[in-house]
Amino acid sequence: MELIEIAKARSVSGTAVPSGDKSLSHRVLILSAIADGVSTITNFLPSEDCLCTERALRQMGVRIERPGRTTRRVHGVGFRGLHPPQTDLWMGNSGTSMRLLAGLLAGQNFKSLLKGDESLQKRPMKRIVLPLTMMGAEVSSGNKQGNPPLYISGRSLRGVHYTSPVASAQVKSCLLLAGLYAEGKTTVTEPAKSRDHTERILPAYGAEVEIEGNSVTVHPAQSLHPVNAELPGDISSAAYFIVLATLFPGAQLRIKNVGVNPTRTGALDVLSRMGANVEIDSSPYGEQPLGEPRGDLIVRSASLSATTIGGDEIPRCIDEIPILAIAASLARGTSVIKNAQELRVKECDRIKALATNLRKMAVAVQEKEDGLIIQGRHALTAANVHSFGDHRIAMAFVIAGLLAERAASTVANTACIKTSFPDFEEIVSQFR
Ligand code: S3P
């Protein structure tokens, strides 16, 4: 139940280095765990969410060394080498841990039980239970609504072609991981393309993947190779500082080593359309480990105009909507965020949380079932707001506080920031 008090930033300049990518950190741990041999991962994100995945893999017999805070040496146990866990697997606040590990566990020859915190207990799991069941898995959730915990009784699986009603990388990755253990190939088709890290990195581990439009096919595997890779920084974490530097007068900031995978750069497209000045400098980075492009982002302050965010762009910026809503609040004109109903089932109901907090900062906001209508204004008024236990709401409003006028703002219940970005406050302290 921590509280952060923030006054207007003093200056925004120099460099900032966001932590390693969260989505990639989960994925490389899981795939390295079932590879034959030792994988070394650097710039790993040691956030609580990723530590849940790490702990669960350890509970299944995987030795994971920590030569440094952001380095992991994973001693893969081989494709069929996981041991039955002796106790429940704790997924904390992490939807990614729960959905991806459920895919891995569905095809093992043992039982497991995946539990989570109060927020995770409210999140929809039917979206994976249904297709995993089609593959022959025995997975059941804690209640009729399909919420956690998840009871998994591992067994032989068969490949299916699943057309998902939601664009979700967690659903897709869950099924691709299960597909590695299935008989026959597994295809997932999405209504719009979600982040493609799993299918991008699987070939580095030796798995066979085909991609056609919004469909991804994985072939069953017998064994995987280990990998050595440095992960790029997380663009979702960088986004807080992109918006801060854009809206703080006279700012110039170089944000180093940011992953710029095109399925993750929706926020850059939105902000450029609004008038932001963000340059990508890829020159310091020669190769692309794991096929993931990266660059430094050079951000200079700019005045923004309103925009509409919707359609296929939403999955490309889904985690950045909270900070984009802050940008929209300080843009000229009325911005519309639509087709973003997924925000209602994130770590909190982010549509409601954004509307509540923005109103406290004197912004006129209309809440819609699938988004928000935000009337931009010249300045935000400092206020006392709440994170609703959601790390991205907490961080977005710390940035709002750095931009707000008059007095200091407070954001209550900020402990959740540790789930994705434990170094956030240290970077913020550069600007205070
Ligand atoms: C993630 C996918 C997204 C995203 C989440 C991380 C992933 O969730 O919001 O923070 O690593 O696959 P959905 O798949 O539910 O859209």
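So the sequence shown is numbered by our numbering: it starts at 251 and just counts up by one. A virtual CB, placed ideally from N, CA and C, is assigned to each residue, including glycine.
Exercise. Which word fits Leu-253, buried or exposed, when buried means at least 16 other C-beta atoms lie within 10 angstroms of its C-beta?
Worked result: Position 3 of the sequence shown, counted from the start, is the residue given in the question as residue 253. Burial call: exposed.
For this session: Evaluate Ala-488 with the Cβ neighbour count: other Cβ atoms within 10 Å of its Cβ, from every protein chain shown; 16 or more gives buried, anything less gives exposed.
Result: Mapped onto the sequence shown, residue 488 falls at position 238. When all chains shown are included, Ala-488 counts as buried.
Exercise. Expressed to the nearest angstrom, what Euclidean distance is found between the alpha-carbon atoms of Met-385 and Cys-424?
Worked result: The residue labelled residue 385 in the question sits at position 135 within the sequence shown. The residue labelled residue 424 in the question sits at position 174 within the sequence shown. Spanning the two alpha carbons is a distance of roughly 12 Å.
Exercise. Between the Cα of His-411 and the Cα atoms of Ala-432, Pro-398 and Ser-391, which residue gives the shortest distance?
Worked result: Your numbering for residue 411 matches position 161 in the sequence shown. Considering only alpha carbons, the answer is Ala-432.
Exercise. In terms of alpha-carbon separation, which member of Ser-369, Leu-332 and Glu-368 lies closest to Leu-351?
Worked result: For the purposes of this step, residue 351 is identified with residue 101 of the sequence shown, where counting begins at 1. Ranking Ser-369, Leu-332 and Glu-368 by Cα distance to Leu-351 puts Leu-332 first.
Exercise. If we count Cβ pairs, one from each stretch, closer than 8 Å, do we get three or more for the stretch 365-374 versus the stretch 313-326?
Worked result: no
Exercise. Three-state secondary structure (DSSP) at Asn-607?
Worked result: Residue numbering aside, residue 607 sits at position 357 when the sequence shown is read from its first letter. Reduced to three states, the DSSP call for Asn-607 is helix.
Exercise. So which of Ala-575, Cys-598 and Ala-650 has the shortest CA-CA distance to Ile-587?
Worked result: Along the sequence shown, read from residue 1 onward, the residue named residue 587 stands at position 337. Ile-587 has its Cα closest to that of Ala-575, out of Ala-575, Cys-598 and Ala-650.
For this session: Note down, one range per segment and in chain order, each beta strand (DSSP E) of at least 3 residues found wholly within the stretch 302-386.
Result: 313-318, 321-327 and 361-365
Exercise. Once you ignore the five residues that flank Ala-442 on each side, which residues in its own chain have a CB closer than 6 Å to its CB?
Worked result: Sequence index remark: in the sequence shown, residue 442 carries index 192 (1-based). The residues are Ala-417, Asp-562 and Pro-565.
Problem set entry | Boundaries (first-last residue) of the beta strand (DSSP E) holding Tyr-412 | The residue given as residue 412 occupies position 162 in the sequence shown. Counting along the chain, the beta strand (DSSP E) containing Tyr-412 begins and ends at 411-413.
For this session: Reducing DSSP to helix, strand and coil, say where Gly-509 ends up.
Result: Along the sequence shown, read from residue 1 onward, the residue named residue 509 stands at position 259. Looking at Gly-509 - three-state DSSP - the assignment turns out to be strand.
Exercise. Beta carbon of Ala-658, beta carbon of Ile-378: below 8 Å?
Worked result: Translated into the one-based positions of the sequence shown, residue 658 becomes position 408. Translated into the one-based positions of the sequence shown, residue 378 becomes position 128. Not closer than 8 Å, so no.
Exercise. According to DSSP, is Ile-636 helix, strand or coil?
Worked result: The sequence position of residue 636 within the sequence shown is 386, counting from 1. Checking the sequence shown, residue 636 turns out to be His, not Ile. It is a strand residue.
Exercise. Quick one, which of Leu-608, Ser-391, Ser-465 and Ile-573 has its alpha-carbon nearest Met-375's?
Worked result: Reading the sequence shown from its first residue, position 125 is the one you call residue 375. In this structure, Ser-391 is the residue among Leu-608, Ser-391, Ser-465 and Ile-573 with its C-alpha nearest to the C-alpha of Met-375.
For this session: Check whether the Cβ of Ile-568 sits closer than 7 Å to any heavy atom of the ligand PLP, and report yes or no.
Result: By its list of ligands, the structure shown excludes the ligand PLP, since it contains just the ligand S3P.
For this session: Would you check whether the ligand S3P has a heavy atom nearer than 7 Å to the C-beta of Glu-458?
Result: As a first step, residue 458 is located in the sequence shown; it is residue number 208 there, counting from the start. Between the ligand S3P and Glu-458, a heavy atom-to-CB distance of less than 7 Å is absent.
Problem set entry | Assigned secondary structure, Lys-668 (DSSP; H/G/I helix, E/B strand, else coil) | Working through the sequence shown from its first residue, we reach residue 668 at position 418. Note: Lys-668 maps to helix in three-state DSSP.
For this session: Could you tell me the boundaries of the alpha helix (DSSP H) in which Gln-591 lies?
Result: By one-based count along the sequence shown, residue 591 stands at place 341. Premise fails: Gln-591 is in no alpha helix (DSSP H) and is neither H nor E.
Exercise. Which word fits Gln-420, buried or exposed, when buried means at least 16 other C-beta atoms lie within 10 angstroms of its C-beta?
Worked result: Taking the sequence shown and counting its residues from 1, the one referred to as residue 420 is at position 170. Buried, because 16 or more other Cβ atoms sit within 10 Å of the Cβ of Gln-420.
For this session: Figure out for me which residue from Gln-591, Pro-543 and Pro-381 has the closest Cα to the Cα of Ile-485.
Result: Here residue 485 corresponds to residue number 235 of the sequence shown, with the count starting at 1. Nearest of Gln-591, Pro-543 and Pro-381 to Ile-485, Cα basis: Pro-543.
Problem set entry | Span of the alpha helix (DSSP H) around Phe-490 | For the purposes of this step, residue 490 is taken as residue 240 along the sequence shown, with counting starting at 1. Note that residue 490 corresponds to Tyr in the displayed sequence, not to Phe. Per DSSP, Tyr-490 belongs to the alpha helix (DSSP H) from 485-497.
For this session: Pick out whichever of Thr-496, Lys-602, Cys-666 and Ala-650 has its Cα sitting closest to the Cα of Thr-660.
Result: Here residue 660 is taken as the residue at index 410 of the sequence shown, counted from 1. Per the Cα distances, Ala-650.
Problem set entry | His-276 beta carbon near the ligand S3P (any heavy atom closer than 7 Å) | Position 26 of the sequence shown, counting from 1, holds the residue named residue 276. At least one heavy atom of the ligand S3P is nearer than 7 Å to the Cβ of His-276, so yes.
For this session: Report back the beta-carbon spacing between Ser-269 and Leu-295 to the nearest angstrom; my notes put them in contact at under 8 Å.
Result: Position 19 of the sequence shown, counted from the first residue, corresponds to residue 269. Position 45 of the sequence shown, counted from the first residue, corresponds to residue 295. Rounded, the Cβ-Cβ distance is 5 Å, consistent with contact.
Exercise. Going by other Cβ atoms of all chains shown within 10 Å of its Cβ, with 16 needed for buried, is His-447 buried or exposed?
Worked result: Taking the first residue of the sequence shown as 1, we reach residue 447 at position 197. By the neighbour-count criterion, in which a residue is buried when 16 or more other Cβ atoms sit within 10 angstroms of its Cβ, His-447 is buried.
Exercise. Measuring from the CB of Lys-592, is there a heavy atom of the ligand S3P at a distance below 7 Å?
Worked result: For the purposes of this step, residue 592 is taken as the residue at position 342 of the sequence shown. Looking at the sequence itself, residue 592 is Glu, so the reference to Lys does not match. Yes, since a heavy atom of the ligand S3P falls inside the 7 Å radius drawn around the Cβ of Glu-592.
Exercise. Expressed to the nearest angstrom, what Euclidean distance is found between the alpha-carbon atoms of Leu-547 and Glu-619?
Worked result: Taking the sequence shown and counting its residues from 1, one reaches residue 547 at position 297. Taking the sequence shown and counting its residues from 1, one reaches residue 619 at position 369. Spanning the two alpha carbons is a distance of roughly 34 Å.
For this session: State buried or exposed for Asp-569, treating a residue as buried only when at least 16 other CB atoms are found within 10 Å of its CB.
Result: Translated into positions along the sequence shown, residue 569 becomes position 319. When all chains shown are included, Asp-569 counts as buried.
Problem set entry | Rounded straight-line distance, which links the Cα of Val-327 to that of Gly-311 | For this step, residue 311 is matched to residue 61 along the sequence shown. For this step, residue 327 is matched to residue 77 along the sequence shown. The straight-line gap from Cα to Cα measures roughly 8 Å.
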